[in-house]
Structures are given as structure tokens and as C-alpha cells.
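Here is the structure we will look at.
This is the structure in C-alpha cells:
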């Protein structure tokens, strides 16, 4: 948990210091705040962590100056393991499709 919080804090600092215009800056800031709150609560849900990583990568992935910090966040999330496999859906009663 500590590694995730440190990685999120670093990316937040670097994003704050990155002065160029980013159209998704607010989205990234909100997602970083949500990740920090999840880590502080101590009960992260891997699906949520992976979803946050996807949003952050979408918002910041093209900014080379932030790439090392974003990779650190990814590495911290990877330590929680892969997303559990989806369960097969059950057919509705009487509906073979």
C-alpha cells in the first residue's frame, strides 16, 4: 500500500509541476485522488485500480515527461496482481441465447 501511495504522490507532484496545457489534466487529477483514497483506505479493489490505471494512461500516456512516474504507478498496481478472470454468464432460464 505504501508503494502505491508514494507512486501516486510522485505523479501528482510531477503533474502539478507540468505547466503545459493538458486537456485531460482534471481527469488525471481526479483519478489520482481516487487512487490515493483507495490506498489510504487499505482495501483496494484490483478492478478499480486497473480502471484507474487505464484512465491515467489515456490522459497522460502521451506526455513523455510524466512517463517514468506513470510507469511507477503501474508497477505499484501490478504488485496487487492481475484482474481476476471474468466468470461465464449463466443463460437466462428458458433462453438458450
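Numbering (my numbering), first residue to last: 18 to 114.
For each residue, glycine too, the CB sits at the ideal point set by N, CA and C.
In this text the structure is predicted, and so the values were computed from the model without any measurement.
Over the uninterrupted alpha helix (DSSP H) stretch that includes residue 21, give me the two end residues. As a position in the chain shown, residue 21 is number 4, starting the count at 1. Residue 21 -> alpha helix (DSSP H) spans 19-34.
Whether residue 43 touches residue 32 by CB criterion (8 Å): Translated into positions along the chain shown, residue 43 becomes position 26. Translated into positions along the chain shown, residue 32 becomes position 15. No, they are not a contact pair.
Residue 18 versus residue 28 - alpha carbon distance: Here the question's residue 18 lines up with position 1 in the chain shown. Here the question's residue 28 lines up with position 11 in the chain shown. Spanning the two alpha carbons is a distance of roughly 16 Å.
So what does DSSP say about residue 99, is it helix, strand or coil? Residue numbering aside, residue 99 sits at position 82 when the chain shown is read from its first letter. Three-state result, residue 99: coil.
With a 10 Å radius around its C-beta and 16 neighbouring C-beta atoms as the bar for buried, classify residue 94 as buried or exposed. Position 77 of the chain shown, counted from the first residue, corresponds to residue 94. Residue 94 should be labelled buried.
What residues in its chain sit with their C-beta under 6 Å from that of residue 55, if we drop five residues either side in the sequence? Looking up residue 55 in the chain shown gives position 38. Taken in chain order, the residues that qualify are 61.
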